[in-house]
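Participant: Quick one: the structure is below, and I'll ask about it shortly.
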Amino acid sequence: MRGPRAAPDSNASVDVSDDDAEPGFEPGPVPVFRLERSVLTSSGSASGGSGKRKTPDEEKKPAFNLDSDSDAEDYVDESLPDLSLYLYSGDSYAAPSSELWGTYPREKEEGEDSDDSDDDDDDEALTIPQSWLRSGFKLSECGHGLVAGSPTDEEFAASKRSNSAMFRDGPLKKARGIFPYNCKGVSAVLSLVTALLYSGASVQSDAVSCDGTRRPFDELTCQERHREFDARLVDALSSLVHVAAANNARHVARKLDEYDRILRRKKRRGGMSAEEEVECDSRRRELERRARLCQVCWWPLDDSDAPMYPSSQDPKDIRFLTSLTNIDDLKSYVKANLRSFKEPGGCALLLETVLHAHGQAALTDMFASGSSADGGARQSSVLLRYGCDAALKRLEGLHSGAERTSGLEEESDCATPQLMSLLLTGQIHGSYRGWNADMFGIGILRVDKTSSPQPAVENRLLRPLRPVWLGLGETGHSVLMLDRSGLLGDANGIDAAGRMFRLAHWSVWNGSRTGMKVVLSADDNNEERASDAMVISDGEGDAGWSVKDSIVENMRREMVRDVALPWQESALSSDVVPVSAPVSDEELASVAINPDDRKFYPDEFRRWRFKFSADLGSDWTPFYKLRGRRRLIVEMRLAPSICALVRARWPMATLRDFEPSGGQPLV
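Position in the sequence shown (first residue = 1) + 3 = this note's numbering.
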């Protein structure tokens with residue numbers, strides 16, 4: 004790189020230090036004099052003219068500068084970044100987000116031909132699907148969790164006629180609000196907020212945390228839950244929006260740093276006029292103010308200043324407004340618009356608010372540069388993927404008598420991992436690995452449909468800070484939590500072999516809570532190798548407990564959450580323990596069932612006889628004689644779906660004593 008040349012017909016001078024005895028040298032491999040500004044800005048070409056010719060040594064000198072941001076600043080793109088995505092108008096009507104609703108089919112009007120609708124799809128403006136405008140954040144009558152909106156008797160009768168066998172019999176007959184009336188993704192949002200109610204997540208000191216001191220939600224009576232519901236719902240919703248707004252603030256801060264570096268470089272080179280400097284400084288100050296502002300959404304008002312809720316409008320006419328709000332005022336925003344979130348359409352309003360709080364610039368960068376945690380592929384710019392039709396067909400197949408031969412199909416899950424990770428972390432991930440939800444204190448349970456030694460879910464999501472999990476099942480999302488009533492000992496020791504404890508399951512589709520007893524196997528070959536480390540006593544109440552002891556205890560708990568899962572030899576190895584490894588699709592398909600037993604004892608698989616592909620020539624083996632791995636395979640194929648979900652966390656667990664008696668949770 005060549006240093007700047009003196010312009011022709013000018014008397015180039017050099018700066019020296021205050022000490023006349025020594026010239027002031029710049030740092031670098033070769034001493035370099037700093038030229039005066041007059042040399043850099045004088046007229047004339049550096050490569051032509053009659054100026055003094057440089058010596059060979061001078062031409063090799065690098066043009067270092069103490070104020071430079073880069074050693075090779077001549078090759079840095081000096082164009083200022085586009086700020087139009089950041090300096091947008093605050094108060095305006097906004098179009099529904101294509102990242103959310105772009106994959107949903109356009110709903111047909113009565114008498115409209117399907118061929119005509121296909122031709123008009125590209126011309127029609129994007130609208131929020133009707134299946135997302137029927138539910139809000141409404142507490143059930145029992146107060147145990149949120150519940151999806153239910154259809155009227157006429158609408159439910161029509162659904163039963165179109166899917167008569169599935170809705171008339173089986174567990175779905177009481178799930179009036181299940182898809183296709185509500186989208187399957189609605190259960191993800193409602194279950195997530197229900198889990199946050201139980202974990203106690205809230206915004207504390209400009210950060211989201213689950214370390215609040217108030218009484219846990221599951222310890223309240225029904226009357227107390229209804230009385231405190233609004234305040235706790237505000238905390239849960241504002242914490243989700245705060246994560247998005249904080250990510251936008253960090254993104255704006257990074258863009259501001261980039262803008263400052265380029266602006267300083269351009270000013271130093273003297274390539275800007277006074278008017279351009281004033282304009283750029285003004286835009287910089289405006290961007291700095293926007294760093295603490297985020298965009299939020301709300302329903303427009305009618306002539307009487309009352310919100311126009313979606314239930315009173317045609318779906319094609321539904322619009323929402325946006326405005327700018329300070330991050331510190333997000334809780335006040337949620338409180339002021341709480342009724343809008345509780346009314347039908349509140350789930351869609353929350354998702355739009357989260358996306359607008361992130362900002363289009365941050366979302367664009369995350370989709371463009373983000374890579375999935377399990378492959379490094381470019382992210383798809385889709386957060387909700389319509390899959391209700393595929394999920395309905397799968398449920399119909401299971402209802403018709405087909406056994407479960409695989410885990411959850413990702414194609415039928417409307418709420419993608421990208422959406423769930425964006426809500427829980429503020430970043431986009433392509434799978435349930437490589438991230439956690441520690442700030443909210445909750446975890447995720449998902450049926451693993453592969454035989455890979457790597458689990459489908461990150462270890463820290465399987466072992467959350469609070470014993471509350473989102474369950475991903477065939478019918479959508481639900482909530483699993485530890486039932487502390489009657490719990491003996493510390494909740495951190497529930498992984499010990501032979502331990503018994505109770506779990507509670509909450510379904511947002513029918514608003515029902517189901518209790519069950521979980522018994523961990525006491526005769527595993529591995530004896531839960533890490534059980535000694537997993538059983539952590541809650542000693543903070545013991546006499547002589549010091550701050551140092553508390554720090555050590557917290558460090559141990561964090562180590563426990565990273566230890567190998569029961570089917571892995573170590574956290575750093577992919578070796579698998581065969582007895583408790585996840586059951587693969589091939590193992591599920593290897594089971595043969597005695598046809599006579601199935602005929603005479605329907606729905607009583609524990610009275611059936613079985614054969615496996617490895618010993619098809621042998622006699623039938625009754626269920627009570629099955630041991631170890633084979634018994635686990637049969638139960639994973641024929642047991643209720645809740646068993647497969649719980650075994651994603653405790654592979655050798657046995658479930659019994661369901662409450663209400665004989666009831667099976669809807670998973």
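Note that the Cβ used here is the ideal one computed from N, Cα and C, for glycine as well.
#1: Use the C-beta contact count for G379: other C-beta atoms within 10 angstroms, 16 or more gives buried, fewer gives exposed.
#2: For E477 versus R397, is the C-beta spacing smaller than 8 Å?
#3: Name the DSSP beta bridge partners of F615, please?
#4: So S212 packs on R469, CB below 8 Å; how close in whole Å?
#5: Please identify the residue among R633, L523, G362 and H229 whose C-alpha is closest to the C-alpha of R505.
#6: State buried or exposed for Y604, treating a residue as buried only when at least 16 other CB atoms are found within 10 Å of its CB.
#7: Check P310 in the structure and name its three-state DSSP category.
#8: Where L3 and G474 are concerned, what is the direct C-alpha to C-alpha distance, given to the nearest angstrom?
#9: I need the DSSP call for L90, collapsed to helix, strand or coil.
#10: Within this structure, are the beta carbons of V2 and K141 separated by less than 8 Å?
#11: Counting Cβ pairs closer than 8 Å, one from the region 656-666 and one from the region 484-498, do we hit at least three?
#12: With H, G and I counted as helix, E and B as strand and the rest as coil, what does DSSP make of H480?
#13: Less than 6 Å between C-beta atoms, sequence neighbours within five positions excluded: which residues of the same chain meet that for S593?
#14: Which complete alpha helix (DSSP H) runs does the region 274-339 hold, if anything under 4 residues is left out?
#15: Using CA atoms only, rank isn't needed, just tell me which of L669, H245, D600 and D588 is closest to H359.
#16: Going by DSSP, what residues sit across from S205 in a beta bridge?
#17: With DSSP run on the structure shown, which of helix, strand or coil describes D622?
#18: Whole angstroms are fine: how far does the CA of Y91 sit from the CA of E282?
#19: So what does DSSP say about T224, is it helix, strand or coil?
#20: Check G188 in the structure and name its three-state DSSP category.
#21: Please list, in chain order, all residues of the same chain as F626 whose beta carbon is under 8 Å from its beta carbon, the five residues on each side excluded.
#22: Give the range of the beta strand (DSSP E) segment to which M519 is assigned.
#23: Can you tell me which of the three DSSP states A360 falls into?
#24: Taking the alpha-carbon of R463 as reference, which of H480, D441 and V450 has the nearest alpha-carbon?
#25: Compare the Cα-Cα distances from F182 to each of D660, S87, S138 and G146 and report the closest residue.
#26: Do L426 and Y96 come within 8 Å of each other at the CB atom, strictly closer than that value?
#27: Along the chain, where does the beta strand (DSSP E) containing R505 start, and where does it finish?
#28: Cα-Cα, which of Y107, R466 and L129 is closest to K319?
#29: On a Cα-Cα basis, can you pick out the residue from G180, R293, D284 and S100 that is closest to E158?
#30: Tell me whether the beta-carbon of I497 lies closer than 8 Å to the beta-carbon of P467.
#31: Within the chosen definition, does the region 244-262 reach the region 290-299 through at least 3 CB pairs nearer than 8 Å?
#32: My assumption, with CB atoms under 8 Å, is that S190 sits in contact with H480. Please give the rounded CB distance.
#33: Rounded to whole angstroms, how far is the Cβ of E102 from the Cβ of V385, which I believe are closer than 8 Å?
#34: Put Y604 into one of helix, strand or coil per three-state DSSP.
#35: What residue range is occupied by the uninterrupted alpha helix (DSSP H) comprising A647?
#36: Determine whether the beta carbon atoms of L448 and L648 lie at a separation below 8 Å.
Facilitator: Looking at the coordinates:
#1: Confidence at G379 is low in this model, with a pLDDT of 46, below 50, so its placement is unreliable and the value that follows should be read with caution. It counts as exposed.
#2: yes
#3: V594
#4: Not really, about 11 Å apart at Cβ, beyond 8 Å.
#5: L523
#6: exposed
#7: strand
#8: With the chain running from 4 to 670 in the structure shown, residue 3 is simply not present.
#9: coil
#10: In the structure as shown, the chain begins at 4 and stops at 670. Residue 2 is therefore absent and cannot be evaluated.
#11: no
#12: strand
#13: F615 and S616
#14: 277-293 and 333-339
#15: H245
#16: S212
#17: coil
#18: 17 Å
#19: coil
#20: helix
#21: F608, R609, R610, W611, R612, F613, R634 and V637
#22: S515 to V522
#23: helix
#24: D441
#25: S138
#26: no
#27: M503 to S510
#28: L129
#29: G180
#30: no
#31: yes
#32: 4 Å
#33: 6 Å
#34: coil
#35: S644 to V649
#36: yes
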